[in-house]
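Novice:
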Amino acid sequence: MAYLDHAATTPMLPEAVEAMTTQLTVVGNASSLHAAGRRARRTVEEARETLAEALGARPSEVVFTSGGTEADNLAVKGLYWARRAADPARTRVLASPVEHHAVLDAVHWLGEHEGATVEYLPVDRYGRVHPEVLRAAIERNPADVALATVMWANNEIGTVMPVRELADVAAEFDVPLHADAVQAFGQLPVDFGASGLAAMTVSGHKVGGPYGIGALLLGREYSPVPVLHGGGQERHVRSGTLDVPAVAAFAVAGRIAAERRERYAQEIGGLRDELLDAVRAAAPDAILGGDPAPAGPDTLGRLPANAHFTFPGCEGDSLLLLLDAQGIECSTGSACTAGVAQPSHVLLATGIDPDLARGTLRFSLGHTTTRADIEAVAKAIGPAVERARSAGLS
Amino acid sequence: MTEIPAAPQRRLRVLAAMSGGVDSAVAAARAAEAGHDVTGVHLALSANPQSFRTGARGCCTIEDSRDARRAADVIGIPFYVWDLADRFREDVVEDFVAEYEAGRTPNPCLRCNEKIKFAALLDKALALGFDAVATGHYAQVVTDADGNRELHRASDMAKDQSYVLGVLDERQLAHALFPLGDTVTTKDEIRAEAERRGLAVAKKPDSHDICFIADGDTQGFLANRLGKAEGDIVDESGAKLGTHEGAYGYTIGQRKGLRIGTPAPDGKPRYVLDISPVNNTVTVGPLEALDVSALTAIKPRWCGTAPTGPGTYTAQLRAHGDETPVRAELVDGTLHVTFDEPVRGVAPGQAIVLYAGTRVVGSATIATTERATAAA
């Protein structure tokens, strides 16, 4: 079995499993005042410090959530409501069109129900938002911008965004910028403090932690209106009893992901490049999605663990079925509505022909990926593409 | 406890069409248990699948897709949703509307089997390396002494669905698998089997009617598509008895809902005898005038070799209809059928399926009928 869908979820690290199982056996609500509560609180706060350090943030900037989707919703809706409350003119939301649905659908909802004017920032053919594009959008009327949101790196095609430059532009106009860094964390140097971002989303199960836990990194000067009201935990912006075992395990996984990142990115990037070569050799007309350049100190490039291809004349679903039958697990990278594959909004935003956009595959590598996985793809992809092409587009 | 299933003669790569209902789920499970390499597929046939509705029926809802996936997960087979909505709209829904507009009475299930399940779906399956498509239909495919594939009625006549499969040709049959066909069983027993297999669809209500008309209101659907077209209701002499709001709202043999003020001279009920889209009239008359002694049918499809010369068969004229003896002959591509005894309520557009014993010989679409008692 070659599991090459780590961008969907990646196996938990043994250290995280250990931290989680240890915490599962002890009682304690981190809000309680007695000894059990104090112990739980200490665990949570140590985890917060660990995660803050891994992400270049202050501990108070870490707001635990139930995952990436909740953190994205809290950032986008919460900041919108807070900014609009402070100045009713601020109703314009700037978003990249290649965002994850957790952001895209949240901003869309603001447009439908909360009087927001949503403006999608044009991207280049790699799906990248350029700083001057953001500047032009803000400059059209700096007084009415509520917030901007641009992901750190794209989950489908792997393109890395110029986050620092975008944040600089936003800061010039005092516009809070949020970035979904779910895919970037563990693959790229992610330093919240240095980024200039107002808010940043990370998720546990994408870095070897558990499901159901994530965090919004939130600059101390920002007080988004809560999505969840209740006991006032997490700076009063995210109520709810903290999941101590998940928080502890997330911190362990996050720390290890940050510690190992540089070497990991190099190794996984090497395997990814072998995969790119293998696919191109077997299917010469395959089109690489996203920025072809590797991420580096001087280039934004693409995520080291991401390989994304479009196979002309093929249905992505057919390829998936054929590879699945060979024990290769990957993804079309596109969203599902009632299980029906739709052309990816990410690819469409990059200007690709909608028919072409149906034949995509995303291979995402991870910490358990081996050369044998790549060899399995190298062996299977040629016949699969040939067969899928003969089945055509239905 | 569990018996080890006998190894099949050949392990096939099977694509099981799973509607989300109990029959297709059990069919997929049986195919897998027989040792075949089974992949489940749910066909998304509606461009705008409805969200969760209470009492959702048919094959076009998100709930059905989820039910099918749930069953596939329990059976332990891969599962995909294929979007055939465009093909379905063109080949089934538009054909359905056009047939009604032309004054005929189509059967969309036959059309779907002919054009979607055993064409669009089968072709894609074969291209992807599958050997066969399996469905939950109650019918049997048997191989004769010469290796030819034959379609037969299900073992259980009460469950038999061979009528809606009468459009399958030899090639389609060669790749069709009906795992429920040899089951002599009641629906309750299929449900019990589903329950035993841990399939949650065991208790799901049966689907009814036409899957793309979710609320079952065919007349409303047609009115919406075709608009109002007022015309006359006349008797056999051409005398006007009333008006209608669209001839497509009537089916030959229909008695109810005619809303004719004037009673018949003999005081007997009147029935729809004829629908003429050309002058937009509906002709009504007495029951006896519905008797048909012969018909012609077009677009024949043979489940095997086409017969040569005249032959005697039994014919079925609608799903779950009775068999009736006929003589039939193919002349210049048109099937000429003479009934031994007159039959009632035969509508152009319906399929006539010919049987030789339990074997399905073929089918054709009824074009014209010849009345036993000539209409005035």
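If you're matching them up, the sequences are chains P and Z in order. Under UniProt numbering, read the first sequence as residues 1 to 394, first letter to last. Under UniProt numbering, read the second sequence as residues 1 to 376, first letter to last. Glycine is no exception: its CB is placed at the ideal position from the N, C-alpha and C atoms.
Go through the stretch 187 to 232 of chain Z residue by residue and report every complete run of the beta strand (DSSP E) that reaches 3 residues or more, in order.
Specialist: none
Novice: Three or more C-beta pairs closer than 8 Å, one from the stretch 225 to 240 of chain Z and one from the stretch 190 to 206 of chain Z: is that the case here?
Specialist: no
Novice: Give a yes or no on whether the minimum CB-CB distance between P/G382 and chain Z is below 9 Å.
Specialist: Numbered from its first residue, the first sequence carries residue 382 of chain P at position 382. So no, P/G382 is outside the interface.
Novice: If you draw a straight line from the alpha carbon of Z/R13 to that of Z/L128, how long is it in whole angstroms?
Specialist: Position 13 of the second sequence, counted from the start, is the residue given in the question as residue 13 of chain Z. Position 128 of the second sequence, counted from the start, is the residue given in the question as residue 128 of chain Z. For Z/R13 and Z/L128, the distance between alpha carbons rounds to 10 Å.
Novice: I'd like to know whether the C-beta atoms of P/G313 and P/R389 end up nearer to each other than 9 Å.
Specialist: Against the first sequence, residue 313 of chain P aligns to sequence position 313. Against the first sequence, residue 389 of chain P aligns to sequence position 389. The beta carbons of P/G313 and P/R389 sit closer together than 9 Å.
Novice: Can you name, in chain order, every residue of its own chain whose Cβ lies under 6 Å from the Cβ of Z/E323, other than the five neighbours on each side?
Specialist: To locate residue 323 of chain Z, count along the second sequence from 1; it is residue 323. So the qualifying residues of the chain are T314 and Q316.
Novice: Please name the residue in Z/E193, Z/A364, Z/T135 and Z/R270 whose C-alpha comes closest to that of Z/G345.
Specialist: For the purposes of this step, residue 345 of chain Z is identified with residue 345 of the second sequence, where counting begins at 1. Relative to the Cα of Z/G345, the nearest Cα in the group Z/E193, Z/A364, Z/T135 and Z/R270 belongs to Z/R270.
Novice: Under 9 Å, Cβ to Cβ, is there at least one residue of chain Z near P/S223?
Specialist: Residue mapping note: residue 223 of chain P aligns to position 223 of the first sequence, counting from 1. Closer than 9 Å: no.
Novice: What residues in its chain sit with their C-beta under 8 Å from that of P/P327, if we drop five residues either side in the sequence?
Specialist: Mapped onto the first sequence, residue 327 of chain P falls at position 327. Position check: residue 327 of chain P holds Gly in this sequence, whereas Pro was assumed. The answer, listed in chain order, is M1, A2 and A376.
Novice: At a Cβ cut of 7 Å, what residues of the stretch 124 to 140 of chain Z count as close to chain P, listed as they run along the chain?
Specialist: Here the close residues are K124, A127, L128 and G129.
Novice: Our contact map puts P/A391 next to Z/K124 with C-beta atoms below 8 Å; I'd like the distance itself, whole angstroms only.
Specialist: In the first sequence, counting from the first residue as 1, residue 391 of chain P sits at position 391. In the second sequence, counting from the first residue as 1, residue 124 of chain Z sits at position 124. Right, their Cβ atoms sit about 5 Å apart.
Novice: Can you list, in chain order, the residues of the stretch 228 to 240 of chain P whose Cβ is nearer than 9 Å to any Cβ on chain Z?
Specialist: Taking 9 Å as the Cβ-Cβ cut-off, the stretch 228 to 240 of chain P has no residue approaching chain Z.
Novice: Would you please verify whether the beta carbon of P/G78 is less than 9 Å from any beta carbon of chain Z?
Specialist: Looking up residue 78 of chain P in the first sequence gives position 78. It does not; no Cβ of chain Z falls within 9 Å.
Novice: Just reading off the alpha helix (DSSP H) that P/R164 is part of, what are its end residues?
Specialist: The sequence position of residue 164 of chain P within the first sequence is 164, counting from 1. P/R164 -> alpha helix (DSSP H) spans V163 to E172.
Novice: Would you verify that the beta carbon of Z/Y250 is, or is not, closer than 9 Å to some beta carbon of chain P?
Specialist: Reading the second sequence from its first residue, position 250 is the one you call residue 250 of chain Z. Chain P, which has no Cβ nearer than 9 Å to the Cβ of Z/Y250, makes this no.
Novice: Comparing alpha-carbon positions, which option in P/P304, P/D243, P/D291 and P/D273 lies nearest residue 396 of chain P?
Specialist: Nothing can be reported for residue 396 of chain P: it is not among the residues displayed for chain P, which extend from 1 to 394.
Novice: In three-state DSSP terms, what is Z/W82?
Specialist: Taking the first residue of the second sequence as 1, we reach residue 82 of chain Z at position 82. Note: Z/W82 maps to strand in three-state DSSP.
Novice: Note down, in chain order, all residues in the stretch 302 to 324 of chain P with a beta-carbon under 8 Å from any beta-carbon belonging to chain Z.
Specialist: D317, S318, L320, L321, L322 and D324
Novice: Could you check if P/A194 is buried or exposed, using at least 16 other CB atoms within 10 Å of its CB as the buried criterion?
Specialist: The residue you call residue 194 of chain P lines up with position 194 of the first sequence. Classification for P/A194: exposed.
Novice: Mind listing the chain Z neighbours of P/A391? Cutoff is C-beta to C-beta under 7 Å, in chain order.
Specialist: One-based indexing of the first sequence puts residue 391 of chain P at position 391. Simply K124, A127 and L128.
Novice: Is it true that the CB of P/G254 sits closer than 9 Å to the CB of P/T50?
Specialist: Indexing the first sequence from 1 puts residue 50 of chain P at position 50. Indexing the first sequence from 1 puts residue 254 of chain P at position 254. Yes, the pair counts as a contact, with Cβ atoms nearer than the cut-off.
Novice: Classify Z/I252 as helix, strand or coil using the three-state DSSP reduction.
Specialist: Stepping through the second sequence from its first residue, residue 252 of chain Z is reached at position 252. Residue state, collapsed to three classes: coil.
Novice: So, is Z/A98 buried or exposed, given that buried needs 16 or more other C-beta atoms within 10 angstroms?
Specialist: Along the second sequence, read from residue 1 onward, the residue named residue 98 of chain Z stands at position 98. Z/A98 comes out exposed.
Novice: Report the residue ranges of all beta strand (DSSP E) runs contained in full by the stretch 63 to 140 of chain P; include only those spanning at least 3 residues, in chain order.
Specialist: 92 to 95 and 117 to 120
Novice: For a quick check, are the C-beta atoms of P/L104 and P/H345 less than 9 Å apart?
Specialist: Along the first sequence, one-based indexing puts residue 104 of chain P at 104. Along the first sequence, one-based indexing puts residue 345 of chain P at 345. Yes, Cβ-Cβ distance for P/L104 and P/H345 is below 9 Å.
Novice: So P/T43 is in the alpha helix (DSSP H); what residue range does that whole segment cover?
Specialist: Your numbering for residue 43 of chain P matches position 43 in the first sequence. Element bounds for P/T43: A35 to A54.
Novice: For Z/Y100, which residues in the same chain have their Cβ closer than 6 Å to its Cβ, ignoring the five residues on either side in sequence?
Specialist: On the second sequence, position 100 is the one that residue 100 of chain Z refers to. Excluding sequence neighbours, Z/Y100 sits near L222 and Y248.
Novice: Within the 9 Å Cβ cut-off, does P/R362 reach chain Z?
Specialist: Translated into positions along the first sequence, residue 362 of chain P becomes position 362. Not closer than 9 Å to any Cβ of chain Z, the Cβ of P/R362 fails to qualify, so no.
Novice: Which same chain residues, not among the five before or five after Z/G58, have their C-beta less than 6 Å away from its C-beta?
Specialist: The residue given as residue 58 of chain Z occupies position 58 in the second sequence. Here Z/G58 scores only 40 on pLDDT, less than 50, and its place in the model should not be relied on; the value that follows carries that caveat. Hits under 6 Å: S207 and C211.
Novice: CA-CA distance, Z/F339 and Z/L354?
Specialist: Reading the second sequence from its first residue, position 339 is the one you call residue 339 of chain Z. Reading the second sequence from its first residue, position 354 is the one you call residue 354 of chain Z. Cα to Cα, the separation comes out at about 12 Å.
Novice: Could you tell me the distance, in whole angstroms, from the CA atom of P/L218 to the CA atom of P/P284?
Specialist: Translated into positions along the first sequence, residue 218 of chain P becomes position 218. Translated into positions along the first sequence, residue 284 of chain P becomes position 284. Answer to the nearest angstrom: the Cα atoms are 45 Å apart.
Novice: For the stretch 31 to 42 of chain P and the stretch 359 to 372 of chain P, state whether three or more C-beta atom pairs, one from each stretch, are separated by less than 8 Å.
Specialist: No, the stretch 31 to 42 of chain P is not in contact with the stretch 359 to 372 of chain P.
Novice: For the structure I just gave you, are there three or more beta carbon pairs, one from the stretch 100 to 118 of chain Z and one from the stretch 161 to 174 of chain Z, closer than 8 Å?
Specialist: yes
Novice: How big is the Cα-Cα spacing for P/G366 and P/F185?
Specialist: The residue given as residue 366 of chain P occupies position 366 in the first sequence. The residue given as residue 185 of chain P occupies position 185 in the first sequence. Taking the straight line from one Cα to the other gives about 12 Å.
Novice: Out of P/T10, P/T332, P/R140 and P/H100, point me to the one whose CA is closest to P/E119's CA.
Specialist: For this step, residue 119 of chain P is matched to residue 119 along the first sequence. Among P/T10, P/T332, P/R140 and P/H100, the Cα nearest to that of P/E119 belongs to P/R140.
Novice: Counting only beta-carbon atoms, is P/A388 nearer than 9 Å to chain Z?
Specialist: Here residue 388 of chain P refers to the residue found at position 388 when the first sequence is read from its first residue. Taking Cβ atoms only, chain Z reaches closer than 9 Å to P/A388, which makes this a yes.
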